[in-house]
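Numbering (the working numbering), first residue to last: 15 to 400.
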């Protein structure tokens, strides 16, 4: 429990189962959570603090020391220009018409995430990726590269030896093999922070908690949970996705206050009833709150098989005819067995999964059933196709 001294104003105190079919299509039914039961979660797991976030950094640099796997001169003129500019900074001027060979040099993009509250002198990891046609960055070293933020300012300086997880090999006959991605790598602690990002965390009298998933029920429960735990009316819901909390003004008190606040446990609201269908992979995800009103479903299909068995026609002995290949097509139609199952009132996810598994429906069949139930008004859920 947070004590009164934290506040400057005393009056404001606180799957189914899996089945394989002829085409070996995998049907996945995933129940999200338990129906009607939601476990309590910490505030830090369901919400983020407004203004406390990472910032993206990006830069352009050169990787040197490659073993003949760098950029090709004719297809990467900007790499040549970058190398010439770097040499000019060291007082080296190439004779006119002389272009350096780039077998050991590659132009790369460098990006990193600047954590919240990062201070100058701290180190962060960077990712280095080839821009041109370098075959591999293995064994290379990144030269000093400024990393810029969205405002154009330099926030970090990157440099170091790359760690590349992939590799490639090729033979004289043109055959080659590549494992993972050798044209990208990382430098652990490869950038030194040079500038901090200003934040109003210690100056704003309020702290805004933004829910990871906007929900009015969760926002109300979060507000009530904070007020119950801290006492008073220190929290108020702004909308379905934000709860504003009055916080102490001094830095040390605010840090202790946030430590207490982010560990408060709140029971989130139940997720909306949704059925998610991935049309590319055949994956079907059915939420725990999906319900079906009374409906009878019958699903079957025709299987049409066309087989070709061409045969050779031989002329009679001493005849004037010629040998010819004649087509022989056979068409058969098979009606698969139809099964009808009945959804009673108040059908739950388990009932849906059990009924579908009894029929043995493939993902395509299940999608057709769900779409038909939605059109009939029997599926009490939002049908989303991704």
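Just so it is clear, CB atoms sit at the ideal spot from N, CA and C, and this is done for glycine as well.
Self-check item: Sheet register partners of residue 69 (DSSP bridge)
Solution: According to DSSP, residue 69 bridges with 128.
Self-check item: Residues sharing a beta bridge with residue 220, DSSP
Solution: Its beta-bridge partners are 260.
Quiz item: Mind pulling the alpha helix (DSSP H) runs of 4 or more residues that sit fully within the region 79-129?
Solution: Entirely contained in the region 79-129, the alpha helix (DSSP H) runs reaching 4 residues are, in chain order, 91-103.
Self-check item: Where residue 43 falls, given that 16 or more other Cβ within 10 Å makes a residue buried
Solution: Its pLDDT being 40, under 50, residue 43 is placed unreliably by the model, and nothing is read from it.
Quiz item: For residue 97, which of 78, 89 and 110 has the nearest alpha-carbon?
Solution: Ranking 78, 89 and 110 by Cα distance to residue 97 puts 78 first.
Quiz prompt | Terminal residues of the beta strand (DSSP E) in which residue 253 lies | solution = Segment 249-253, the beta strand (DSSP E) holding residue 253.
Quiz item: For residue 233, does the three-state DSSP call read helix, strand or coil?
Solution: Note: residue 233 maps to helix in three-state DSSP.
Self-check item: Alpha-carbon to alpha-carbon, residue 171 and residue 80
Solution: Rounded to the nearest angstrom, the two C-alpha atoms are 22 Å apart.
Quiz item: Could you give the residue range of the alpha helix (DSSP H) that holds residue 275?
Solution: Per DSSP, residue 275 belongs to the alpha helix (DSSP H) from 265-275.
Quiz item: Does the region 125-144 touch the region 58-77, meaning 3 or more C-beta pairs lie closer than 8 Å?
Solution: Judged by Cβ distances under 8 Å, the region 58-77 makes contact with the region 125-144, as three or more pairs qualify.
Exercise. Sort 215, 288, 162 and 88 by Cα distance to residue 396 and report the nearest one.
Key: Checking every option, the nearest Cα to that of residue 396 belongs to 288.
Quiz prompt | Buried versus exposed, by CB contacts within 10 Å (16 or more), residue 272 | solution = With 16 or more other Cβ atoms from the protein chains shown falling within 10 Å of its own Cβ, residue 272 counts as buried.
Quiz item: In or out: residue 158 buried (at least 16 other Cβ within 10 Å) or exposed?
Solution: Around the Cβ of residue 158, a 10 Å sphere holds fewer than 16 other Cβ atoms; the residue is exposed.
Quiz item: Which value, in whole angstroms, describes the spacing of the CA atoms of residue 328 and residue 340?
Solution: A straight line joining the alpha-carbon of residue 328 with that of residue 340 spans about 10 Å.
Quiz item: What first and last residue would you give for the alpha helix (DSSP H) that runs through residue 59?
Solution: Counting along the chain, the alpha helix (DSSP H) containing residue 59 begins and ends at 57-60.
Quiz item: Which residue comes first and which comes last in the beta strand (DSSP E) that contains residue 174?
Solution: Taken as a continuous stretch (DSSP letters only), the beta strand (DSSP E) holding residue 174 covers 168-175.
Exercise. Return yes when the Cβ of residue 93 is within less than 9 Å of the Cβ of residue 151, no when it is not.
Key: Taking 9 Å as the Cβ cut-off, residue 151 and residue 93 do not qualify as a contacting pair.
Quiz item: Which residues bound the beta strand (DSSP E) around residue 139?
Solution: Run containing residue 139: 137-144, per the beta strand (DSSP E) assignment.
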